[in-house]
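I have placed the structure first, in the form of structure tokens, so that the comments after it can refer back to it.
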């Protein structure tokens with residue numbers, strides 16, 4: 004049985020929500036505006052992970068014990084992986100593959 008109810012709405016005025024929007028905007032600006040819906044969802048996931056990383060860093064730098072290094076490492080790796088995937092896709096978007104003749108001409112020109 005699946006839950007078909009829509010996700011709970013979040014009050015977008017909190018500092019976390021504002022920071023989330025800032026991160027999404029920064030990632031989108033870096034990766035380009037011509038993003039698919041899937042890419043946008045990945046960017047939002049990366050923004051959530053980056054926000055969590057920021058909170059964990061603040062806790063660690065404030066001297067709080069109990070910050071889980073494994074969680075921090077996993078979040079860092081996930082964020083890097085997600086942004087790398089989207090960046091790779093955006094670099095290839097709009098490019099066409101060379102024909103064999105074009106490839107050979109380019110090779111011979113070198």
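In this note's numbering, the protein residues as written are 4 to 113.
Cβ atoms here follow ideal geometry from the backbone N, Cα and C, with glycine treated the same way.
CA nearest to the CA of residue 39, picked from 89, 80, 72 and 61
89
May I ask which residues mark the beginning and end of the alpha helix (DSSP H) holding residue 61?
40–64
With a 10 Å radius around its C-beta and 16 neighbouring C-beta atoms as the bar for buried, classify residue 4 as buried or exposed.
Unreliable positioning characterises residue 4 in this predicted model, as indicated by a pLDDT of 47, which lies under 50. The coordinate reading is nonetheless provided below. So residue 4 counts as exposed.
How do the stretch 9–20 and the stretch 28–44 stand: do at least 3 beta-carbon pairs fall below 8 Å, yes or no?
no
Let me make sure I understand the geometry here. Which of 108, 86, 47 and 78 has the alpha-carbon closest to that of residue 57?
78
How about the stretch 80–88 and the stretch 45–53: do they share at least three Cβ pairs that are nearer than 8 Å?
yes
For residue 107, does the count of other Cβ atoms within 10 angstroms reach 16, so buried, or fall short, so exposed?
exposed
Among 60, 21, 104 and 36, which has the Cα closest to the Cα of residue 74?
60
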